[in-house]
Amino acid sequence: SQQGEEDPQALSIQEGENATMNCSYKTSINNLQWYRQNSGRGLVHLILIRSNEREKHSGRLRVTLDTSKKSSSLLITASRAADTASYFCATDAKGNAGNMLTFGGGTRLMVKP
Amino acid sequence: NAGVMQNPRHLVRRRGQEARLRCSPMKGHSHVYWYRQLPEEGLKFMVYLQKENIIDESGMPKERFSAEFPKEGPSILRIQQVVRGDSAAYFCASSQSGKVEAFFGQGTRLTVV
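Chains R and U, in that order, give the protein sequences.
Per our numbering, residue 1 is the first one in the first sequence, and the count goes up by one each step.
Per our numbering, residue 114 is the first one in the second sequence, and the count goes up by one each step.
Next comes the structure, spelled out in structure tokens:
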């Protein structure tokens with residue numbers, strides 16, 4: 001699989017439920033970031049977690065990182081219809097110049113009202 | 114401080130024409146990255162530039178594609194003799210020197226007819 005693969009590819013839940021998305025990657029990283037993309041729009045940066053961090057919170061978002069398993073998860077609690085979007089993880093691999101990111105294929109989240 | 118500005122937002126070109134996509138980074142940002150997104154896929158890194166220098170173009174096709182980031186003015190991604198397969202959304206991101214977070218523009222959606 002590619003660096004930064006998300007699963008599931010698609011997720012449909014009811015408003016108020018929690019949504020969990022997972023991301024796996026292959027190489028050693030400096031950090032991992034999660035982005036949201038509404039249909040046909042640009043990317044919105046959600047959260048960045050560094051390789052020496054295990055968990056991070058931001059509002060209703062909770063991100064975990066397990067570098068031994070090369071995986072991360074994004075949890076959205078108490079989901080809202082407005083959370084409907086595609087969610088991408090992106091890794092910044094060690095040894096990369098600058099801030100070049102490798103994106104996964106995304107999880108398409110639909111939150112039904 | 115305006116965000117990353119890309120123009121045009123939508124671009125239609127006939128096969129064989131040239132496409133020029135512009136990206137103005139955020140104020141104070143000297144690093145620019147171009148990504149391409151095909152429908153239903155994640156973003157793929159194309160090229161990383163600093164002012165007047167190409168740092169990494171490993172993701173950019175060798176033929177027909179070129180990028181520049183002049184001392185003055187926006188970064189330009191140029192696609193010569195476009196083909197239908199070039200139809201995609203092209204995103205630009207910028208970051209400060211030494212900073213990890215990159216900010217994305219709204220993208221240019223190129224359609225080749």
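Yeah, the Cβ is synthetic: ideal placement off N, Cα and C, and Gly gets one too.
Query	Result
Cross-strand partners of residue 178 of chain U (DSSP beta bridge)	U/192
Span separating the alpha-carbon of residue 1 of chain R from that of residue 156 of chain U	A caution first: residue 1 of chain R carries a pLDDT of 32, below 50, which makes its placement in the model unreliable, though a value can still be read off. Roughly 15 Å between the two C-alpha positions.
Bounding residues of the beta strand (DSSP E) (the contiguous stretch that carries residue 140 of chain U)	Run containing residue 140 of chain U: none; DSSP gives neither H nor E here.
Residue 224 of chain U and residue 121 of chain U closer than 8 Å at C-beta	no
Beta strand (DSSP E) runs contained entirely in the stretch 60–98 of chain R, provided each spans 3 or more residues	61–66, 71–76, 85–93
Member of U/147, U/142, U/116 whose CA lies at the smallest distance from the CA of residue 201 of chain U	U/147
Other residues of its chain near residue 50 of chain R: CB distance less than 6 Å, five sequence neighbours each side excluded	31
Start-to-end residues for the beta strand (DSSP E) that takes in residue 116 of chain R	In the structure as shown, chain R starts at 1 and stops at 113, and residue 116 of chain R therefore has no counterpart that could be examined.
Where the stretch 67–99 of chain R meets chain U: residues whose CB sits under 7 Å from a CB there	88, 92, 97, 98, 99
Rounded distance between the beta-carbons of residue 119 of chain U and residue 143 of chain U, thought under 8 Å	With a Cβ gap of about 17 Å, residue 143 of chain U and residue 119 of chain U do not count as contacting.
Residues near residue 16 of chain R by beta carbon distance below 7 Å, same chain, minus five either side	78, 79
DSSP-derived helix/strand/coil call for residue 122 of chain U	coil
Neighbouring residues, chain R, relative to residue 142 of chain U (Cβ below 8 Å)	Chain R residues near residue 142 of chain U: none, gap ~11 Å exceeds 8 Å.
Min CB distance residue 217 of chain U to chain R below 8 Å	yes
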